[in-house]
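As numbered in UniProt numbering, residues 1 to 284 make up the sequence shown, in order.
Just so you know, even glycine gets a beta-carbon here, dropped at the ideal spot from N, CA and C.
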Amino acid sequence: MPAGWQPGDHLFVDDIKKSFGPTKVLHGITMHLRRNETAVIIGGSGAGKTTLLRLLIGLERPTTGHIWVDGVDMGALDDYEMNRMRQKFGMVFQYAALLDSLTIFDNVAFPLREHRKHMSKKDIRDKVVGMLNSLGLENKEDRMPSELSGGQRKRVGLARALMLEPEILIYDEPTSGLDPLTSRLVDDLIEETRARFKVTSVVISHDMASTFRIAHQAFLVIQGRVVASGTPDELASGDNEQARQFIAAAGVAPEKVSRVNRPALVDSGNGEGSGVIEFRKAAE
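Below, the structure is given as structure tokens:
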């Protein structure tokens, strides 16, 4: 394992810097993202969150520094190895990024058809329909994206992201543009997905209330630097003035934010959690 790797790490962002020409965007970011936890990378517009996201999934490479996944340096991978590494990641885009010309079934099946060419049509259908059903999208496979609500489209995007059984799910601004009730439902879905599928969740967000509800750890990024990190409560009660100002500017009263219930995994009878959780249907 690399120097600096900590027990429990799934991803280790090791002093990465990123420049585009003369413009420096990220300035020595270090993060320890722990396995099967939810890490929220919080910050305002222009903080460098999008660039960091692209680095995490291998669409960009750092100017200096390293990103380690399970002890493997992503920067040392060739194109073939990087393509295989990316299959450990599932990406849930801000606006679901569904293909409007394809049915819900074909949108969700797309990763399987691209990366699991050995699968039969029946196996693909069974997997897609089963996932849609588990996310409260029964009998929606033949619909078009335009026929679904915004909340339903987000769940379709999540179903697609889960098709290759990723170890790490990255959410890009999952609550952006949503009303408070729907935001809470999305937060619940993120937590239920983490618990059921035993994934590591990385959430890129500017939503401080959501951060308090779902984060095991939070990283506040301002102007390309991590200026504070810890649990949300530590950020709120600590002595870091930038963190306290950011939380205050967001209008969030931490003591009034209800955390999501972290459901216990169902006992399978062999002493291990099965992770079977009933997904609630989000409001239509």
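Could you check where the alpha helix (DSSP H) with Val129 kicks off and where it finishes? What you label residue 129 is simply residue 129 of the sequence shown in a count that begins at 1. From DSSP, the alpha helix (DSSP H) with Val129 extends over 121-134.
Report the rounded CA-to-CA distance for Thr231 versus Lys140, giving the unit in angstroms. Against the sequence shown, residue 231 aligns to sequence position 231. Against the sequence shown, residue 140 aligns to sequence position 140. Answer to the nearest angstrom: the Cα atoms are 38 Å apart.
So, helix, strand or coil for Val72, using DSSP? Reading the sequence shown from its first residue, position 72 is the one you call residue 72. Note: Val72 maps to strand in three-state DSSP.
Using three-state DSSP, classify Thr63 as helix, strand or coil. For the purposes of this step, residue 63 is identified with residue 63 of the sequence shown, where counting begins at 1. Coil, per DSSP.
Sort Leu11, Val156, Leu181, Glu147 by Cα distance to Gly130 and report the nearest one. As a first step, residue 130 must be located in the sequence shown, where it is residue number 130. Selected option, being the one with the closest Cα: Val156.
Could you check what DSSP says for Ile29 in three-state terms: helix, strand or coil? Counting from 1 along the sequence shown, the entry for residue 29 is found at position 29. The answer is strand: DSSP assigns Ile29 an E or B state.
Grab me the residues of Met85's own chain with a C-beta within less than 8 Å of its C-beta, minus the 5 sequence neighbours each way, in chain order. If you number the sequence shown from 1, residue 85 lands on position 85. Closer than 8 Å at the Cβ level, and outside the excluded window around Met85, lie Gly58, Val69, Val72, Met74, Leu77.
Identify the residues that DSSP records as bridge partners of Tyr171: which are they? The residue given as residue 171 occupies position 171 in the sequence shown. Tyr171 pairs with Val92, Val203.
Below 7 Å between beta carbons: does that hold for Pro166 and Phe89? In the sequence shown, counting from the first residue as 1, residue 166 sits at position 166. In the sequence shown, counting from the first residue as 1, residue 89 sits at position 89. Yes.
Since Lys18 is in the alpha helix (DSSP H), which residue starts that stretch and which ends it? For the purposes of this step, residue 18 is taken as residue 18 along the sequence shown, with counting starting at 1. Element bounds for Lys18: not the alpha helix (DSSP H) but the beta strand (DSSP E), 9-20.
Note the first and the last residue of the continuous beta strand (DSSP E) segment covering Gln217. As a position in the sequence shown, residue 217 is number 217, starting the count at 1. It spans 217-222 - the beta strand (DSSP E) in which Gln217 sits, taken as one unbroken run.
For Gly151, the nearest candidate out of Phe93, Ala215, Gly28 (CA to CA): Locating residue 151 in the sequence shown gives position 151, counting from the first residue. For Gly151, the nearest C-alpha among the options comes from Phe93.
Bridge partners for Ile194 per DSSP, in chain order? Here residue 194 refers to the residue found at position 194 of the sequence shown. What sits at residue 194 in the sequence shown is Arg, not Ile. The partner list for Arg194 (beta bridge, DSSP) is empty, contrary to what the question assumes.
Name the DSSP beta bridge partners of Thr38, please? Taking the sequence shown and counting its residues from 1, the one referred to as residue 38 is at position 38. Paired residues: Ser201.
Among residues of its own chain, excluding the 5 on either side of Ala39, which ones have a beta-carbon nearer than 8 Å to its beta-carbon? Taking the first residue of the sequence shown as 1, we reach residue 39 at position 39. Excluding residues within five positions, the ones whose Cβ falls inside 8 Å are Met31, Leu33, Thr200, Ser201, Val202, Val203, Ala215, His216, Gln217, Ala218, Phe219.
Where DSSP assigns a beta bridge to Lys24, which residues make up the other side? Residue numbering aside, residue 24 sits at position 24 when the sequence shown is read from its first letter. Ser19.
Note the first and the last residue of the continuous alpha helix (DSSP H) segment covering Ser237. As a working note, residue 237 is residue 237 in the sequence shown. Note, Ser237: alpha helix (DSSP H), 232-237.
Skipping 5 residues on each side, what residues in its chain have a beta carbon closer than 7 Å to that of Arg184? Mapped onto the sequence shown, residue 184 falls at position 184. Correct list: empty, nothing qualifies.
Start and end residues, alpha helix (DSSP H) containing Thr211: Residue numbering aside, residue 211 sits at position 211 when the sequence shown is read from its first letter. Taken as a continuous stretch (DSSP letters only), the alpha helix (DSSP H) holding Thr211 covers 208-214.
According to DSSP, what are the bridge partners of Ser229? For the purposes of this step, residue 229 is taken as residue 229 along the sequence shown, with counting starting at 1. DSSP, once it has assigned bridges, lists Phe219 as partnering Ser229.
What span of residues does the alpha helix (DSSP H) with Pro111 cover, start to end? Walking along the sequence shown from the start, residue 111 turns up at place 111. Pro111 -> alpha helix (DSSP H) spans 104-115.
Opening and closing residue of the alpha helix (DSSP H) in which Ile247 lies: Walking along the sequence shown from the start, residue 247 turns up at place 247. Ile247 -> alpha helix (DSSP H) spans 241-249.
I'd like to check one pair, Thr211 with Ile42: are the Cβ atoms closer than 7 Å? Translated into positions along the sequence shown, residue 42 becomes position 42. Translated into positions along the sequence shown, residue 211 becomes position 211. Contact: yes.
Can you name, in chain order, every residue of its own chain whose Cβ lies under 6 Å from the Cβ of Lys281, other than the five neighbours on each side? What you label residue 281 is simply residue 281 of the sequence shown in a count that begins at 1. Note that Lys281 has pLDDT 41, beneath the 50 cutoff, so the model's placement of it is unreliable and no number is given.
Go ahead and label Thr51 buried or exposed: buried means 16 or more other beta carbons lie within 10 angstroms of its beta carbon, across all protein chains shown. In the sequence shown, residue 51 corresponds to position 51, counting from 1. By the neighbour-count rule (16 or more Cβ atoms within 10 Å), Thr51 is buried.
Close beta carbons around Ser176, own chain, < 6 Å, minus the five adjacent residues each side: Position 176 of the sequence shown holds residue 176. Closer than 6 Å at Cβ, skipping near neighbours: Gln94.
With distances taken between CB atoms, is the gap from Gly44 to Val25 smaller than 7 Å? Position 44 of the sequence shown holds residue 44. Position 25 of the sequence shown holds residue 25. Cβ distance not < 7 Å, so Gly44 and Val25 don't count as in contact.
According to DSSP, simplified to helix, strand and coil, what is Asp188? Mapped onto the sequence shown, residue 188 falls at position 188. Helix at Asp188.
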